[in-house]
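Colleague: This is the structure, below, for whatever I ask next.
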Amino acid sequence: MKKGLEKTRKGITEKVDNVLKSYKKIDEELFEELEEILITADVGVNTTLKIIEDLKDKVRERKIEDPSEINNLLKEEITELLTDYETNNKLDLEPAPAILLVVGVNGVGKTTTIGKLAHRFKSEGKKVLVAAGDTFRAAAIEQLSEWCNRAGVDIIANKEGSDPAAVIFDAIQAAKARKADILICDTAGRLHNKKNLMNELNKIFRIVDREYSEATREVLLVLDATTGQNAIMQARTFKEACNITGLALTKLDGTAKGGVVLAVQSELKVPVKLVGVGEGIEDLQDFDPNNFVDALFSE
Numbered sequence: 001m002k003k004g005l006e007k008t009r010k011g012i013t014e015k016v017d018n019v020l021k022s023y024k025k026i027d028e029e030l031f032e033e034l035e036e037i038l039i040t041a042d043v044g045v046n047t048t049l050k051i052i053e054d055l056k057d058k059v060r061e062r063k064i065e066d067p068s069e070i071n072n073l074l075k076e077e078i079t080e081l082l083t084d085y086e087t088n089n090k091l092d093l094e095p096a097p098a099i100l101l102v103v104g105v106n107g108v109g110k111t112t113t114i115g116k117l118a119h120r121f122k123s124e125g126k127k128v129l130v131a132a133g134d135t136f137r138a139a140a141i142e143q144l145s146e147w148c149n150r151a152g153v154d155i156i157a158n159k160e161g162s163d164p165a166a167v168i169f170d171a172i173q174a175a176k177a178r179k180a181d182i183l184i185c186d187t188a189g190r191l192h193n194k195k196n197l198m199n200e201l202n203k204i205f206r207i208v209d210r211e212y213s214e215a216t217r218e219v220l221l222v223l224d225a226t227t228g229q230n231a232i233m234q235a236r237t238f239k240e241a242c243n244i245t246g247l248a249l250t251k252l253d254g255t256a257k258g259g260v261v262l263a264v265q266s267e268l269k270v271p272v273k274l275v276g277v278g279e280g281i282e283d284l285q286d287f288d289p290n291n292f293v294d295a296l297f298s299e
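Heads up: the sequence shown begins at 1 in UniProt numbering, then just goes up one per residue.
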């Protein structure tokens, strides 16, 4: 996590340190500089304003005068922000059978996330089945099949361009027949038209409700951390289309804008459950708010 957040640490905490060192007293100008750093790191305007207001309150309440002490206050504030509502940052796939529906636009790392999760669950001794429900993207099925081969799990697929909901239907029947512990479903990743997206996802969810109502359900939205505010806009659209229960942020190691973790969780009230901090099959990690903040503020 520490290595994966290197760019973000340079983009947030190192800049904060430099600003604090340049001030002899705490004043409005100092807070304005902090505000600019957070917004530039894609913490989001609303979230940034909340953090700055809370920092000002704490400075007043605790009668803090030394600018260097703001660093610990900021760490405290970010920890509170990531843990301040009833949230569960763990994937909830118990009891079996469970269905994990993975949504997100093309190019965010959806297929890779599914492959890494399939590998993880299989290595934990679970019986895993994958459904190739993103039938519109060229090569999506082949790419997912390759990941499933590597992970040693079976895949249910149809030909390119077929109905995604039909693939999910077939996969649910196969999961029941084979007594799978976890069925991971890739879903359509087109965001060209919100109405189409909603119709497509609604059809899939209706089938899950009807055919697999007994399964523990998790709906994971995959976002590319490098796209910053664009990721938040995508998340809002998907949240309107379906009941998202968790977020996976990929490519966190490739961006200085890791502040997007704060923005998506605090503005959307959906917990970040997984973060991608590298290319390797083991580099998809469970998100732990305390680990994240420690890595962000580490020397």
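The beta carbon of each residue, even a glycine, is placed where N, CA and C say it ideally should be.
Since this is a predicted model, take the numbers as computed values, not measurements.
#1: Taking 8 Å as the cut-off, does the stretch 39-51 touch the stretch 245-265 (at least 3 CB pairs, one atom from each stretch)?
#2: Which word fits Ala177, buried or exposed, when buried means at least 16 other C-beta atoms lie within 10 angstroms of its C-beta?
#3: Would you list, in sequence order, the uninterrupted beta strand (DSSP E) runs of no fewer than 3 residues that lie entirely inside the stretch 132-182?
#4: Going straight from the alpha carbon of Arg60 to that of Gly254, what length do you get?
#5: Report back the beta-carbon spacing between Val275 and Leu252 to the nearest angstrom; my notes put them in contact at under 8 Å.
#6: Could you check the C-alpha separation between Lys25 and Lys63 for me, to the nearest Å?
#7: Name the DSSP bridge partner or partners of Thr216?
#8: Beta-carbon separation of Lys126 and Asp186 under 8 Å?
#9: Using alpha carbons as the reference points, say which of Lys110, Val105, Trp147, Gln143 lies closest to Lys122.
#10: Going by DSSP in three states, Val45 sits in which element: helix, strand or coil?
#11: Rounded to whole angstroms, what's the CA-CA distance from Asn158 to Asp170? Just pull it up for me.
#12: Less than 6 Å between C-beta atoms, sequence neighbours within five positions excluded: which residues of the same chain meet that for Thr79?
#13: Have a look at Ser298, Lys257, His119, Phe31 and flag the residue whose alpha-carbon is nearest the alpha-carbon of Lys56.
#14: Taking 8 Å as the threshold, find out whether the stretch 228-239 comes into contact with the stretch 109-117 through three or more Cβ pairs.
#15: Express the C-alpha separation of Asn291 and Asn196 in angstroms, rounding to a whole number.
#16: Quick one: give me the first and last residue of the beta strand (DSSP E) that Gly276 is part of.
#17: Could you check which residue in Leu82, Glu211, Gly11 has the C-alpha nearest to that of Ala165?
#18: Look up Leu284 in the DSSP assignment and give the residues it is bridged to.
#19: DSSP state of Val103, grouped into three classes?
#20: Using alpha carbons as the reference points, say which of Leu201, Thr8, Thr227 lies closest to Glu240.
#21: Rounded to whole angstroms, what's the CA-CA distance from Val128 to Asp27? Just pull it up for me.
#22: Here's the rule: buried if 16 or more other CB atoms are within 10 angstroms of the residue's CB, otherwise exposed. What is Gln143?
#23: Does the separation of the CB atoms of Val130 and Leu221 fall below 8 Å?
#24: Which ranges would you report for the alpha helix (DSSP H) in the stretch 44-93 if only whole runs of at least 4 residues count?
#25: State yes or no: is the C-beta of Ala225 within less than 8 Å of the C-beta of Lys257?
#26: Determine the DSSP secondary structure at residue 303, reduced to helix, strand or coil.
#27: Look at the Cβ atom of Ala188, then the Cβ atom of Ile99, and state whether they are nearer than 8 Å.
Modeller: Let's see:
#1: Taking a cut-off of 8 Å for Cβ pairs, the stretch 245-265 and the stretch 39-51 touch, as three or more such pairs fall below it.
#2: exposed
#3: 154-156
#4: 37 Å
#5: 5 Å
#6: 12 Å
#7: Ala98
#8: Inclusion of Lys126 and Asp186 in the CB contact set at 8 Å is not warranted, their separation being larger than that value.
#9: Trp147
#10: helix
#11: 9 Å
#12: Val293
#13: Answer by Cα proximity: Phe31.
#14: no
#15: 39 Å
#16: 272-276
#17: Glu211
#18: Answer is Gly276.
#19: strand
#20: Leu201
#21: Between Val128 and Asp27, the alpha-carbon positions lie close to 56 Å from each other.
#22: It counts as buried.
#23: no
#24: Counting whole runs of 4 or more residues, the stretch 44-93 contains the alpha helix (DSSP H) stretches 45-61, 70-82.
#25: In contact: Ala225 and Lys257 (Cβ atoms closer than 8 Å).
#26: Because residue 303 is not part of the residues shown, which for the chain are 1 to 299, the question remains open.
#27: No, they are not a contact pair.
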